[in-house]
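Student: Per the numbering used here, residue -1 is the first one in the sequence shown, and the count goes up by one each step. For each residue, glycine too, the CB sits at the ideal point set by N, CA and C. One structure follows; several queries about it will come next.
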Amino acid sequence: MKAIQILLAMTAVGLAACTEQEIPESVTRDGNAIDFRPAMGTRSRATETTNDNLSQFTATSFLGDANYFTNVVFSKGTDGFFTSADKYYWPGDKSELSFYAYSPSEEELTSTGGTIEMTPTSKKLQDFSVAEDIADQVDFITANATGNKDANEASGVELTFDHRLAQVEVRAKSDNPNYKFKVTGVRIGRAQYMGTFDFTTNTWTLDDWHDTAVYTSSCDEVTLASTPVSIMGASGNAMLLPQTLTPWSPTDDPDNVAREAYLSVLVNISTDDGAVIYPFPSDTQKDASGNLRKYAWASVPLSGTWEAGKKYIYTLDFSEGAGTVDPDDPTPGKPVLGDLIKFSVKVTPWVDTPVAEDMRPVKK
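Listed below in structure tokens is the structure:
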């Protein structure tokens, strides 16, 4: 099989908010309410968070060693500005405020476990877990900023959000004229799924256990051609933790006891004449309906490093091969197509065999 093609696309997003909230009695009200002005970023797919589809974010502000406001939700109004139910004003003594904002909501980020801490000494998304279903995964974005009355009361505070997860898309293609590849799904195997994000340093720390998960997505059946096509299906692209991947070894560890990374495609392979060769003709596994399965998983090891804010596009090229049997299959690590068909040819030498024919006429 040809090497996997990996394309990287940087993604970022910016937005603005105009906030109107009440301040504590201990702080002097002076001038206009705190507001945030737009800082636009780029986009890479329609379903990720952008200025256009972001409707809410949550923000916390600190005044010295104290919380000024904590986990306040700002919603987008018809005028394009983000406001909250209450108002906070700039301190009259021109003290500097720091701001930490994130999206999606606290409830969404912690729905799979974990907590959000926003204190002067700890600003973290603790023990965040990536959702098991790709369709339920979220685009986690954050922004940090500082401001004071003199510098920002009139112009507002620029609040630019960045993506904190890695986006993964899998595509497939084939230029092979002799085989037909029909694909109905994809697996992203054995990626680490739990970590803690520090809002101050904008960095991740993965959990000490380095536990991993397998993310599966189905798609409508597609017959591969020379133009790569996404096989992520209706679930969209995966949003996964930044990490360095250790590739699965089909030869040394076919059962993947080490729980290392791989990509799998749910595929049916047939010859151009219609003979199905994968799933293997000897395969007796059945699907949920009790029928012999029509598709089986073909895998390749996955290596490299996923960085936050980058989109990774893996193009699996079936033109010259189909990888190996998936590590969760009863026959893991076995080449799907094996080696090219070869013939060992031996030519038998000509042997002279004399034949004498009598040319005399035959008498009646």
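Check the C-beta distance from THR58 over to TYR87 and give it rounded, since I have them as a contact under 8 Å.
Tutor: Not quite, the Cβ-Cβ distance comes to about 17 Å (not below 8 Å), so this is no contact.
Student: Please state whether the Cβ-Cβ distance between THR146 and LEU204 is less than 9 Å.
Tutor: First, the residue type needs correcting, since residue 146 is Asn and not Thr in the sequence shown. Result no, Cβ atoms of ASN146 and LEU204 do not sit closer than 9 Å.
Student: With H, G and I counted as helix, E and B as strand and the rest as coil, what does DSSP make of LYS178?
Tutor: Note: LYS178 maps to strand in three-state DSSP.
Student: Since ILE139 sits in a beta bridge, which residues does DSSP pair it with?
Tutor: Paired residue(s): SER101 and HIS161.
Student: Near LYS92, what residues of its chain come up, given a Cβ to Cβ distance below 6 Å and the 5 sequence neighbours on each side ignored?
Tutor: Counting only Cβ-Cβ distances below 6 Å, and skipping sequence neighbours, we find ASN146, LYS147 and ASP148.
Student: Can you name, in chain order, every residue of its own chain whose Cβ lies under 7 Å from the Cβ of SER317, other than the five neighbours on each side?
Tutor: Same-chain partners within the cutoff: LYS0, SER172, ASP173 and ASN174.
Student: Could you compute how far the alpha carbon of VAL412 sits from the alpha carbon of CYS217?
Tutor: Any question about residue 412 goes unanswered here, given that the chain covers just -1 to 362.
Student: In its own chain, which residues sit with a C-beta less than 8 Å from the C-beta of SER73, not counting the 5 before and 5 after it?
Tutor: These residues qualify, in order along the chain: SER53, GLN54, PHE80, THR81 and SER82.
Student: Report the rounded CA-to-CA distance for GLU46 versus GLY231, giving the unit in angstroms.
Tutor: C-alpha separation (whole angstroms): 15 Å.
Student: Take every Cβ of the segment 115 to 123, pair it with every Cβ of the segment 206 to 224, and state whether three or more of those distances are shorter than 8 Å.
Tutor: Taking 8 Å as the limit for Cβ pairs, the verdict is that the segment 206 to 224 does not touch the segment 115 to 123.
Student: Pairing CB atoms from the segment 161 to 168 with CB atoms from the segment 128 to 146, are three or more of them under 8 Å?
Tutor: Yes, the segment 161 to 168 is in contact with the segment 128 to 146.
Student: For my contact list, TYR379 and PRO325 are in at a C-beta cut-off of 8 Å; report their separation, rounded to the angstrom.
Tutor: Summary: the structure shown does not reach residue 379, with the chain confined to residues -1 through 362, and so no result is reported for it.
Student: Could you work out which residue in LEU238, VAL255 and ASN65 is closest to LYS308 when comparing CA atoms only?
Tutor: The residue with the shortest Cα to Cα distance from LYS308 is LEU238.
Student: Going residue by residue through the segment 221 to 279, where are the continuous beta strand (DSSP E) segments of at least 3 residues, counting only ones entirely within it?
Tutor: With a minimum length of 3 residues, the continuous beta strand (DSSP E) runs that stay inside the segment 221 to 279 are 236 to 238, 241 to 243, 260 to 269 and 274 to 276.
Student: Give the secondary structure of LEU107 by DSSP, where H, G and I count as helix, E and B as strand, and everything else as coil.
Tutor: Reduced to three states, the DSSP call for LEU107 is helix.
Student: Can you tell me whether ARG185 is buried or exposed, with buried defined as 16 or more other CB within 10 angstroms of its CB?
Tutor: Classification for ARG185: buried.
Student: Return no unless some Cβ of chain E is closer than 9 Å to the Cβ of ALA170.
Tutor: In the structure shown, chain E does not exist; there is a single protein chain.
Student: In chain order, what residues of the same chain lie with their CB nearer than 6 Å to the CB of ALA44, ignoring the 5 residues before and after it?
Tutor: Reliability fails at ALA44, whose pLDDT of 33 lies under 50, so the model's placement of it is uncertain and the value that follows must be treated cautiously. Nothing listed; no residue qualifies.
Student: In this structure, does DSSP put ASP326 in helix, strand or coil?
Tutor: Three-state result, ASP326: coil.
Student: Secondary structure at ALA365, three-state DSSP: helix, strand or coil?
Tutor: There is no way to answer for residue 365, as the model of the chain reaches only from -1 to 362.
Student: Using 9 Å as the threshold, is the C-beta distance between ASN254 and PHE197 below it?
Tutor: Contact: no.
Student: Do ALA170 and LEU243 have their beta-carbon atoms positioned less than 9 Å apart in this structure?
Tutor: Against a cut-off of 9 Å, the Cβ pair of ALA170 and LEU243 comes out as no contact.
Student: Buried or exposed: where does THR26 fall if 16 or more other Cβ atoms within 10 Å of its Cβ makes it buried?
Tutor: Confidence at THR26 is low in this model, with a pLDDT of 41, below 50, so the placement of that residue should be treated as unreliable; the coordinate-derived value is given next. THR26 comes out exposed.
Student: ALA133 and SER233 look like a contact to me (Cβ under 8 Å); what is the Cβ gap, rounded to whole Å?
Tutor: Right, their Cβ atoms sit about 4 Å apart.
Student: By how many angstroms is the C-alpha of GLY90 removed from the C-alpha of ALA211?
Tutor: Their Cα atoms are separated by approximately 51 Å.
Student: Work out the CA separation of SER247 and SER297 for me, nearest whole Å.
Tutor: Whole-angstrom Cα-Cα distance: 11 Å.
Student: Of all the options VAL227, GLY78, ASN65 and GLN283, which has the alpha carbon lying nearest to the alpha carbon of ASN49?
Tutor: The shortest Cα separation from ASN49 among VAL227, GLY78, ASN65 and GLN283 belongs to GLY78.
Student: Do VAL168 and VAL263 have their C-beta atoms within less than 9 Å of each other?
Tutor: Cβ atoms of VAL168 and VAL263: closer than 9 Å.
Student: Secondary structure at ALA296, three-state DSSP: helix, strand or coil?
Tutor: Here ALA296 sits in strand by DSSP.
Student: With 16 other CB atoms within 10 Å as the buried threshold, where does LEU290 fall?
Tutor: LEU290 is exposed by the Cβ-count criterion.
Student: With ASP148 as the anchor, note down where its alpha helix (DSSP H) starts and where it stops.
Tutor: Taken as a continuous stretch (DSSP letters only), the alpha helix (DSSP H) holding ASP148 covers 147 to 150.
Student: Tell me whether THR9 sits in a helix, a strand or coil according to DSSP, three-state version.
Tutor: Low confidence applies to THR9: its pLDDT is 31, below 50, so where it sits in the model is not reliable enough to give any reading.
Student: Work out the CA separation of LYS332 and ASN235 for me, nearest whole Å.
Tutor: Looking at the two C-alpha atoms, the distance is approximately 28 Å.
Student: In three-state DSSP terms, what is VAL349?
Tutor: Correct three-state label for VAL349: coil.
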